[in-house]
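Numbering-wise, the numbering used here puts 117 at position 118 of the sequence shown, and it's gapless, one number per residue. Quick reminder that beta carbons are idealized off the backbone N, C-alpha and C, glycines included. One structure is given below, encoded as structure tokens.
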Amino acid sequence: MAAKWLPDEYVASIYHIDFERLWTKGYRAVITDLDNTLTKWDSPHCPEKLVAFLASITNRGFQLCVLSNNTQRRVDDFVRPLGIRAIGKAGKPRKGGFRNALFAMKADASKTIMIGDQVFTDIVGGNRAGLYTVLVRPIDPVENKGTKFMRHIERVLLRKMQVATTEYFRYDKK
């Protein structure tokens, strides 16, 4: 039962994921959440560091798709300068958004990584879709009210399962 809540790995941020190791293991596609995974919640700006990082992932050969529960307009506005696929109003953790992302990339679920900052949407949904899941710390404490409530439940759950240390729950100040 607990397996659906557990990520395959958790790291401080997307910048700490060892994509070379994952490529060697046969992964070829990446689905990533947007808000508080790639950038601050509802931020319209894509930092240069992120632009370069995402380019390094695609240059390595990974297919890339942003999958967000935020509006399609917000997601499109953010990814337009990046030239990558994006799906908004995904309905995570339901499987449909994940299937759409896999279809858009022509990717196999068993060779796809899901990166996100929320257990109940990103990790549960990714696990249900058969993806390799990576939980990252949220970038910023500023979030919508519903997410703030769910964060409290996530913390209790993860601590109870002894998945994450106190360090995981600190926000990335970079």
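Residue i (DSSP reduced to helix, strand or coil)
i      : result
Ala2   : helix
Asp139 : coil
Thr70  : coil
Leu33  : coil
Leu63  : strand
Ile83  : coil
Tyr131 : strand
Gly176 : Given a span of 0 to 173 for the chain in the structure shown, any question on residue 176 remains unanswerable.
Ala11  : coil
Gly25  : coil
Residue i classed as buried or exposed, judged by whether at least 16 other C-beta atoms fall within 10 angstroms
i      : result
Phe102 : exposed
Gly115 : buried
Pro6   : buried
Ala106 : buried
Ser55  : exposed
Gln71  : exposed
Val135 : buried
Val50  : exposed
Thr165 : In this prediction, Thr165 has a pLDDT of 47, which is less than 50 and means its spatial position is unreliable; nothing more can be read from the coordinates.
Rounded C-alpha distance that separates residue i from residue j
i      : j      : result
Arg27  : Ile83  : 15 Å
Asp121 : Lys94  : 11 Å
Ala100 : Ile30  : 7 Å
Tyr9   : Val118 : 11 Å
Val78  : Trp40  : 14 Å
Val133 : Phe52  : 17 Å
Asn69  : Thr38  : 13 Å
Lys110 : Arg98  : 13 Å
Ala2   : Ala11  : 21 Å
Leu81  : Arg154 : 33 Å
Asp32  : Arg20  : 21 Å
Ile13  : Met104 : 20 Å
Val65  : Arg73  : 12 Å
Other residues of its chain near residue i: CB distance less than 8 Å, five sequence neighbours each side excluded
i     : result
Leu75 : The sequence given here has Asp at residue 75, not Leu. Closer than 8 Å at Cβ, skipping near neighbours: Ala85 and Gly87.
Nonlocal neighbours in the same chain, by C-beta distance under 7 Å from residue i, ignoring five residues either side
i      : result
Arg59  : Phe18 and Trp22
Pro92  : Phe119, Thr120, Val123, Gly124 and Arg127
His15  : none
Lys24  : none
Ala108 : Leu101, Ala128, Gly129 and Leu130
Asp139 : Asn35, Lys39, Trp40 and Tyr170
Neighbourhood of residue i by C-beta distance below 6 Å, restricted to the same chain and skipping five residues each side
i      : result
Tyr131 : Asp7 and Ile112
Gly90  : Gly96
Thr57  : Leu63
Proximity test, residue i beta-carbon vs the ligand GDP heavy atom, cut-off 6 Å
i      : result
Leu130 : With respect to small molecules bound, the structure shown includes none, and the ligand GDP cannot be examined in it.
Under 8 Å, with one C-beta from each stretch per pair, do the region 42-53 and the region 106-126 reach the 3-pair mark?
no
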